[in-house]
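Just so we're aligned: the sequence shown equals residues 1 to 314 in this note's numbering.
A virtual CB, placed ideally from N, CA and C, is assigned to each residue, including glycine.
Notes for the one structure printed next.
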Amino acid sequence: MKFPKTHTLKEIAQLIDCEYIGDDNFPVLGMNEIHVVESGDIVFVDHPKYYDKALESKATIILINKKVDCPEGKALLISDDPFRDFNKLTNHFKPFQSSNNQISNSAKIGKNTVIQPNCFIGNNVVIGDYCIIHSNVSIYDNAIIGDYVEIHSGSVLGASAFYYKNRPSGFDQLKSGGRVVIGNHVDIGAACTIDRGVTADTTIKEGTKIDNQVQIGHDTVIGKKCLIASQVGIAGCVIIEDEVTIWGQVGITSGITIGAKAVISAKAGVSKSLEGGKSYFGIPADDFRTKYKEIASIRKIPELLEKLKQSEKK
Numbered sequence: 001m002k003f004p005k006t007h008t009l010k011e012i013a014q015l016i017d018c019e020y021i022g023d024d025n026f027p028v029l030g031m032n033e034i035h036v037v038e039s040g041d042i043v044f045v046d047h048p049k050y051y052d053k054a055l056e057s058k059a060t061i062i063l064i065n066k067k068v069d070c071p072e073g074k075a076l077l078i079s080d081d082p083f084r085d086f087n088k089l090t091n092h093f094k095p096f097q098s099s100n101n102q103i104s105n106s107a108k109i110g111k112n113t114v115i116q117p118n119c120f121i122g123n124n125v126v127i128g129d130y131c132i133i134h135s136n137v138s139i140y141d142n143a144i145i146g147d148y149v150e151i152h153s154g155s156v157l158g159a160s161a162f163y164y165k166n167r168p169s170g171f172d173q174l175k176s177g178g179r180v181v182i183g184n185h186v187d188i189g190a191a192c193t194i195d196r197g198v199t200a201d202t203t204i205k206e207g208t209k210i211d212n213q214v215q216i217g218h219d220t221v222i223g224k225k226c227l228i229a230s231q232v233g234i235a236g237c238v239i240i241e242d243e244v245t246i247w248g249q250v251g252i253t254s255g256i257t258i259g260a261k262a263v264i265s266a267k268a269g270v271s272k273s274l275e276g277g278k279s280y281f282g283i284p285a286d287d288f289r290t291k292y293k294e295i296a297s298i299r300k301i302p303e304l305l306e307k308l309k310q311s312e313k314k
């Protein structure tokens, strides 16, 4: 998330009422999660396990819960609760805006685009040319939809990220200030849910086709010309490269990469990054050759047990 204008370190510290280490006028350009930070961004960290990763990241402002040595060329914001203060900044720069209209006055709709009855189009949404948005679709604020996109009934684009901190008082949600960005010639089936990014974008690139009842988590990036069948669940921060095929009821864990032209068979459970150009199945998912060898070995177990029994009798 980039701010509308450059802010100073002192201004940001005053917004969240915290100490800071660095020049008062140190420039702050935006805020992002660790996997998408750039120079000028704030990143937050609240566990010693991840201090080094945050301090050594591309982020130049680290919102941290302990005074540590400040790396050269960077600045620190010292907070007793970085998670809370990151939420304060999200609420300040991307506050919730209610809308009194089914199609917001600030939304921009392209030429020859059809929006069927009972849709909700939020604030600052941009929809391109020659799109069809079927009834009962909800598109939350700031989403970007390309040209020749079709979205079927009941789909929701831009719901909050499923991202919580477990506190003694209950689960505390990390606020979502990002967007959903859909490329040209994308089809989205009925009753799909695509969560917006926490600070960046959840992106579906040109030519990808998505079946009914698919869930796509926050900040996930899906490449060009992918095919995703029904009831697939994709967690947050996943990278799916171009021309990947994912069949029905596949579950994909967060933070992994699936290489280009991979094929994942139905009901697979993907728990690690997968190399492109191969076919996978099973739980945990693995390539066909490896998985068939495992199955063949498992089938030999009864025979081996019987041989052991016979050996013991002798």
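- Message: I'd like to know if the stretch 171–183 and the stretch 145–157 are in contact, where contact means that at least 3 CB-CB pairs between them fall below 8 Å.
- Response: yes
- Have a look at the DSSP bridge pairing and note the partners of residue 7. 28
- Item | Length of the line joining the Cα atoms of residue 128 and residue 203 | 16 Å
- Of the residues 273, 156, 141 and 162, which one's Cα is nearest the Cα of residue 135? 156
- Nearest-angstrom Cβ-Cβ length linking residue 18 and residue 79, presumed shorter than 8 Å: 5 Å
- Message: Alpha carbons only, please: which of 105, 87 and 133 is nearest the one belonging to residue 112?
- Response: 133
- Proximity below 8 Å, CB of residue 167 to CB of residue 142: no
- Task: Return the first residue and the last residue of the alpha helix (DSSP H) that residue 87 is part of.
- Result: 82–93
- Query: Do you know whose CA, among 1, 282, 65 and 240, lies nearest residue 258's CA?
  - Reply: 240
- When burial is assigned at 16 or more other CB atoms within 10 Å of the CB, is residue 271 buried or exposed? exposed
- Message: Applying the 10 Å Cβ sphere with the 16-neighbour rule, what's the burial state of residue 296?
- Response: exposed
- Secondary structure, beta strand (DSSP E): runs of 3+ residues fully inside the stretch 31–80: 41–45, 61–64 and 75–78
- Message: According to DSSP, simplified to helix, strand and coil, what is residue 206?
- Response: coil
- Through-space distance from residue 309 to residue 222, alpha-carbon basis: 53 Å
- Item | Complete runs of the beta strand (DSSP E) confined to the stretch 157–243 [at least 3 residues] | 164–167, 170–173, 179–182, 193–195 and 201–204
- Message: Considering Cα atoms alone, identify which of 94, 169 and 62 is closest to residue 140.
- Response: 94
- Message: I'd like to confirm something about residue 266: is its beta-carbon nearer than 7 Å to some heavy atom of the ligand PLP, or not?
- Response: No copy of the ligand PLP appears in this structure; indeed no ligand is present at all.
- Query: Secondary structure at residue 253, three-state DSSP: helix, strand or coil?
  - Reply: coil
- Message: Considering only the alpha carbon of each residue, which of 40, 33 and 41 lies closest to residue 50?
- Response: 33
- Straight-line gap, residue 275 to residue 205 (C-alpha atoms, nearest Å): 20 Å
- Query: Under the rule that 16 or more other beta-carbon atoms within 10 Å means buried, what is residue 171, buried or exposed?
  - Reply: exposed
- Task: With DSSP as the reference, please indicate the residues paired to residue 274 in a beta bridge.
- Result: 258
- Under the three-state DSSP convention, the category residue 280 falls into: strand
- Does DSSP classify residue 138 as helix, strand or coil? strand
- Query: With a CB to CB cut of under 6 Å and the five nearest residues on each side skipped, what residues in its chain are close to residue 114?
  - Reply: 132
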